[in-house]
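Novice: To start, I am sharing the structure in question, which I have written as C-alpha cells.
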Amino acid sequence: MNAFNRLLGSAALGLALGVTAMPALAATPDNMLVIANRIDDITTLDPAQSFEFAGADVIRNIYGKLVNFDPADLDAGFQPDLAESWTVSEDGRTITFTMREGVKFHSGNPVRAEDVAFSLKRAVLLNKTPSFIITQFGFTPENVDETIVVDGNTVSITTDKRYATSFVLNCLTATIGAIVDEKLVMEHEVDGDMGNAWLATNSAGSGPYSLASWKPKESVTLTANEDYYDGAPAMKRVIVRHVQESATQRLMLERGDIDVARDLNPSDVEGVRAAEGVEILEEMRGRLMYISANQKHPDLSKPQVRQALKYLIDYDGMENSFLKGAYVKHQNFLPKTYLGAVDENPFSLDLDKAKALLEEAGVDGMELTIGVREAQERLEIAQSLQNTFGQAGIKVNLEVGTGKQILGKYRARELDIYLGAWGPDYPDPQTNAGTFAYNPDNSDEANATGLLAWRNSWDTGGLTEKTAAAVVEGDTETRAKLYQEIQAEFRETSPFAIMFQKVEQVGIAENVEGLNLGGAITAAAYWDVTK
20 MNAFNRLLGS
30 AALGLALGVT
40 AMPALAATPD
50 NMLVIANRID
60 DITTLDPAQS
70 FEFAGADVIR
80 NIYGKLVNFD
90 PADLDAGFQP
100 DLAESWTVSE
110 DGRTITFTMR
120 EGVKFHSGNP
130 VRAEDVAFSL
140 KRAVLLNKTP
150 SFIITQFGFT
160 PENVDETIVV
170 DGNTVSITTD
180 KRYATSFVLN
190 CLTATIGAIV
200 DEKLVMEHEV
210 DGDMGNAWLA
220 TNSAGSGPYS
230 LASWKPKESV
240 TLTANEDYYD
250 GAPAMKRVIV
260 RHVQESATQR
270 LMLERGDIDV
280 ARDLNPSDVE
290 GVRAAEGVEI
300 LEEMRGRLMY
310 ISANQKHPDL
320 SKPQVRQALK
330 YLIDYDGMEN
340 SFLKGAYVKH
350 QNFLPKTYLG
360 AVDENPFSLD
370 LDKAKALLEE
380 AGVDGMELTI
390 GVREAQERLE
400 IAQSLQNTFG
410 QAGIKVNLEV
420 GTGKQILGKY
430 RARELDIYLG
440 AWGPDYPDPQ
450 TNAGTFAYNP
460 DNSDEANATG
470 LLAWRNSWDT
480 GGLTEKTAAA
490 VVEGDTETRA
500 KLYQEIQAEF
510 RETSPFAIMF
520 QKVEQVGIAE
530 NVEGLNLGGA
540 ITAAAYWDVT
550 K
C-alpha cells in the first residue's frame with residue numbers, strides 16, 4: 020500500500036470512528052493536490068451530458084475546447100485553445116476555426132478538425148440536458164452534417180441567423196463544448212449511444228489531466244497529462260474527495276490531510292482564519308441560490324401566491340447569520356459582473372404583505388414539499404423557510420436527498436418547491452436568461468430539462484419572446500438594457516425567488532499557489548497549481 024493509500028485509509032477509518040478519532044497524518048505530497056468537496060451531484064462525466072457543478076470542475080481539467088479561459092487571466096475572456104484562430108463570414112453566420120497543430124489526445128491520437136465536428140454533432144444528436152447550449156443556434160440532427168463542416172485543418176459552424184460572435188464563442192467555453200477523441204469514443208459505442216455509457220466513467224480528452232477514476236459519492240482522481248501542449252502540470256495527481264461535513268473538511272485541512280476545503284460554513288471559515296498554516300481564498304462566483312414553485316400546483320400557479328412566497332423569505336436574517344460571508348443577497352437571475360446585471364433587491368420578509376396576498380388568492384393554508392439536497396447550508400435555508408412559511412399558515416415538509424435524487428425529481432417536474440443552486444454555463448447574459456425566462460414549449464413532451472422555466476412548468480408570459488430578441492441584439496448597451504427589463508418583469512411575475520449569490524470561501528494550505536476556482540464565469544482549474 021503506497022503512502023497516499025495509507026493516508027486515505029487512515030482518514031476513512033477516522034471518519035468511521037468519528038472526527039476526534041482521526042490519527043495524526045502527514046502533509047500531502049508536494050506533487051499532489053488533495054481537495055475535499057461535496058461531489059455527490061455528479062451523475063456522469065460525459066461532457067455532452069454533464070450539467071452539475073462538481074462535474075464541470077472535473078471536465079474543465081480533462082478536456083480542451085475550441086476556445087477556453089486562462090485561469091491566470093479570466094478578465095481577458097475567451098482565448099484560443101484547440102483552435103489557434105478563427106474568422107467570421109461577411110453575413111456573421113459562419114465561424115471557421117483553424118486547429119492548433121501537433122496537439123494529441125491522452126490516447127495519443129491527434130486532435131483533428133474531425134474530432135471537433137464529431138463532438139459538436141454528438142452533443143446535438145445525443146440531445147442530453149445541456150444540448151440546448153448548442154441547439155439554440157439552430158443546429159438539429161437533420162442539419163448538422165451541412166452546418167458543421169470540416170475542410171482540412173479547419174472546421175466551420177453555420178448558425179441559423181446572425182448572433183453576436185462573442186455569444187457563440189462564449190457558449191463554446193461551456194462544458195458541452197469539450198472536444199472528445201472520436202476514434203477512442205466510438206471504439207466504446209454500445210447500441211448507437213456514441214460512447215455515452217463509457218464516457219460516463221472514462222475520459223477521452225486532450226486537457227492537462229486525464230480521469231484515473233470516479234467513485235460516486237467517494238472520490239475523483241485525475242492524472243497529469245505529461246504531453247499537454249501548454250506544459251505538464253506540476254500536480255501529478257489531483258484527488259477530489261467527497262466529504263459532506265464542514266467540520267470534517269476543516270479538521271482534515273488543519274491536520275494536513277487535504278490541501279483545499281471547499282464546503283466550509285461561516286463558523287469553520289472563521290476557525291480556519293485563526294489557524295496556522297492555512298488561509299481563506301475568496302472568490303465571487305456566479306452561483307445563485309433560489310427556490311422555485313411548480314406551476315402544475317393549483318395554488319402555486321396563482322400570481323399572488325408566487326409573490327407571497329417572495330415575502331416569506333428571511334433574506335437578511337439568513338445572510339447575517341448562518342450564511343454570513345458565504346452568500347450575499349441577490350434577487351436577480353443575472354449574477355453580479357454579467358452584462359445586464361442589476362442590483363435591485365425589492366423583497367424582504369413581510370408577513371403581513373404575504374398574508375394579504377394569500378388571502379387575495381383565496382388560499383387559506385397549504386401543505387407543500389420542498390426538495391433539498393443534503394448539504395448543510397441548504398438544509399439551514401430550508402429550515403428557515405419552513406419557519407417563515409409556517410408563520411403564514413403554510414406547512415412545509417422537507418424531502419432531503421442526494422443531489423442526484425433531488426435533481427432527478429426536479430427535472431421530472433415532480434416537486435412542489437425546489438431549493439437549490441444554479442450556475443452559469445457560459446459568461447454571457449443569455450446563459451441565465453435563456454433558462455430562467457425562456458420556455459418555447461411548456462408541454463411535458465418537450466422534456467426541456469435544461470430550461471428551469473420548463474422544469475417548473477412555467478409559461479413565461481411573453482418573456483420567451485423578449486429573451487429571444489435580446490440574444491440577437493447587436494448593440495451592447497441596448498442588449499444590456501433589454502436584459503435589465505426582462506429581469507424587472509421576471510422578479511414580479513415568475514415562480515422563482517432568487518435569494519443569494521455565492522461568495523466561495525475556500526480553506527487552503529498556505530503552500531498552495533495558483534488555484535483558480537473560475538470566478539463567476541467558469542469552473543475550477545488545477546493545472547496552474549504549485550506548492
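My numbering applies: residue 20 is where the sequence shown begins, and numbers increase by one.
In this text, a Cβ means the ideal position worked out from N, Cα and C, and glycines have one as well.
Given the structure is predicted, the values throughout are model-derived calculations rather than measurements.
Identify which residue in D170, T166, T388 and G171 has its Cα closest to the Cα of T177.
Specialist: The candidate whose alpha carbon is nearest that of T177 is T166.
Novice: What three-state label does DSSP hand D170 in the structure shown?
Specialist: D170 falls in the strand class under three-state DSSP.
Novice: To the nearest angstrom, report how far apart G381 and S69 are at their CA atoms.
Specialist: Near 42 angstroms, if we compare the C-alpha coordinates of S69 and G381.
Novice: Can you tell me which of G83, L370, D110 and M271 puts its alpha carbon nearest to the alpha carbon of L191?
Specialist: Among G83, L370, D110 and M271, the Cα nearest to that of L191 is on G83.
Novice: For L272 and P99, what's the separation of their Cα atoms in angstroms?
Specialist: Answer to the nearest angstrom: the Cα atoms are 36 angstroms apart.
Novice: If you draw a straight line from the alpha carbon of D276 to that of A55, how long is it in whole angstroms?
Specialist: Going from the Cα of D276 to the Cα of A55 covers about 10 angstroms.
Novice: What does the Cβ neighbour count give for V38, buried or exposed, with the cut at 16 atoms within 10 Å?
Specialist: Its pLDDT being 39, under 50, V38 is placed unreliably in this model, and the coordinates cannot settle the point.
Novice: Kindly indicate which three-state DSSP category T220 falls into: helix, strand or coil?
Specialist: Reduced to three states, the DSSP call for T220 is coil.
Novice: Does the beta-carbon distance from V525 to A280 come in below 8 angstroms?
Specialist: Yes, these two residues count as a Cβ contact at 8 angstroms.
Novice: Under 7 angstroms Cβ to Cβ from M337, same chain only, skipping five residues before and after it: list those, please.
Specialist: Closer than 7 angstroms at Cβ, skipping near neighbours: I400 and S403.
Novice: Mapping the DSSP letters down to three states, classify G250 as helix, strand or coil.
Specialist: G250 falls in the coil class under three-state DSSP.
Novice: What do you reckon, are the CB atoms on L319 and P129 nearer than 8 angstroms?
Specialist: No, they are not a contact pair.
Novice: Under 6 angstroms Cβ to Cβ from K329, same chain only, skipping five residues before and after it: list those, please.
Specialist: Correct list, in chain order: F366 and A516.
Novice: Please go through the segment 45-89 and give each complete alpha helix (DSSP H) segment of 4 or more residues, from N-terminal end onward.
Specialist: 72-81, all fully within the segment 45-89.
Novice: Which ranges does the alpha helix (DSSP H) cover as unbroken runs of at least 4 residues, wholly within the segment 279-318, from first to last along the chain?
Specialist: Fully enclosed alpha helix (DSSP H) runs of 4 or longer: 285-292.
Novice: Unbroken beta strand (DSSP E) runs of length 3 or more, entirely within the segment 327-402: which are they?
Specialist: If we require 3 residues or more, the beta strand (DSSP E) runs fully inside the segment 327-402 come out as 346-348 and 385-392.
Novice: Of all the options G305, D369, I389 and K348, which has the alpha carbon lying nearest to the alpha carbon of L358?
Specialist: Answer by Cα proximity: G305.
Novice: Quick check for students: name the residue ranges of the beta strand (DSSP E) that lie wholly in the segment 408-453, counting only runs of 3 or more.
Specialist: Entirely contained in the segment 408-453, the beta strand (DSSP E) runs reaching 3 residues are, in chain order, 413-420 and 436-441.
Novice: V53 and T62 look like a contact to me (Cβ under 8 angstroms); what is the Cβ gap, rounded to whole Å?
Specialist: Rounded, the Cβ-Cβ distance is 24 angstroms, inconsistent with contact.
Novice: Going by other Cβ atoms of all chains shown within 10 Å of its Cβ, with 16 needed for buried, is T106 buried or exposed?
Specialist: The residue in question, T106, is exposed, as its Cβ has fewer than 16 Cβ neighbours within 10 Å.
Novice: Closer than 8 angstroms is the cut-off here; do at least three beta carbon pairs connect the segment 446-454 with the segment 407-423?
Specialist: Because the criterion of three Cβ pairs below 8 angstroms is not met, the segment 446-454 and the segment 407-423 do not touch.
Novice: Are the segment 191-204 and the segment 214-222 in contact at 8 angstroms, needing three or more beta carbon pairs?
Specialist: As far as the Cβ criterion goes, the segment 191-204 touches the segment 214-222, which means the pair count is three or higher.
Novice: Between I58 and V135, how many whole angstroms is the CB-CB distance? I'm expecting something under 8 angstroms.
Specialist: With a Cβ gap of about 29 angstroms, I58 and V135 do not count as contacting.
Novice: Counting only the same chain and skipping the five closest in sequence on each side, list residues whose C-beta sits under 6 angstroms from that of F97.
Specialist: If we look at F97 and ignore the five residues flanking it on each side, its Cβ neighbours are V86, L188 and T192.
Novice: Please report the straight-line C-alpha distance between A489 and N458, rounded to a whole angstrom.
Specialist: Cα to Cα, A489 sits roughly 15 angstroms from N458.
Novice: What separation, rounded to the nearest whole angstrom, lies between the Cα atoms of R269 and F352?
Specialist: Using only the alpha carbons, I get a separation of about 32 angstroms.
Novice: Is N466 helix, strand or coil by DSSP?
Specialist: N466: coil per DSSP, three-state reduction.
Novice: For M385, which residues from the same chain have a beta carbon less than 6 angstroms from its beta carbon, with the 5 sequence-adjacent residues on both sides left out?
Specialist: Counting only Cβ-Cβ distances below 6 angstroms, and skipping sequence neighbours, we find D318 and I413.
Novice: Got a sec? Which residues, its chain only, sit under 7 angstroms from A95 by beta carbon, not counting five neighbours each side?
Specialist: Around A95: D89.
Novice: As a quick exercise: from L283, Y248 and T356, pick the residue whose alpha carbon is nearest that of E264.
Specialist: Checking every option, the nearest Cα to that of E264 belongs to L283.
Novice: For D287, collect the residues of the same chain with a Cβ closer than 7 angstroms to its Cβ; drop the 5 residues on either side in sequence, then sort them by chain order.
Specialist: Excluding sequence neighbours, D287 sits near S265, A266 and R269.
Novice: Taking the alpha-carbon positions, what's the G356 to D362 distance?
Specialist: Residue identity check: residue 356 is Thr in the sequence provided, not Gly. Their backbone Cα atoms lie some 11 angstroms apart in a straight line.
Novice: Does the Cβ of S108 have 16 or more other Cβ atoms within 10 Å, making it buried, or fewer, making it exposed?
Specialist: S108 comes out exposed.
Novice: Would you kindly check if the distance between the Cβ of V239 and the Cβ of F519 is under 8 angstroms?
Specialist: No, the Cβ-Cβ distance between F519 and V239 is not below 8 angstroms.
Novice: Would the beta-carbon of G538 fall within 8 angstroms of that of E302?
Specialist: In this structure, E302 lies closer than 8 angstroms to G538 by Cβ.
Novice: Are the Cβ atoms of Y545 and M308 separated by less than 8 angstroms?
Specialist: It is not a contact, given that the beta carbons lie outside the stated cut-off.
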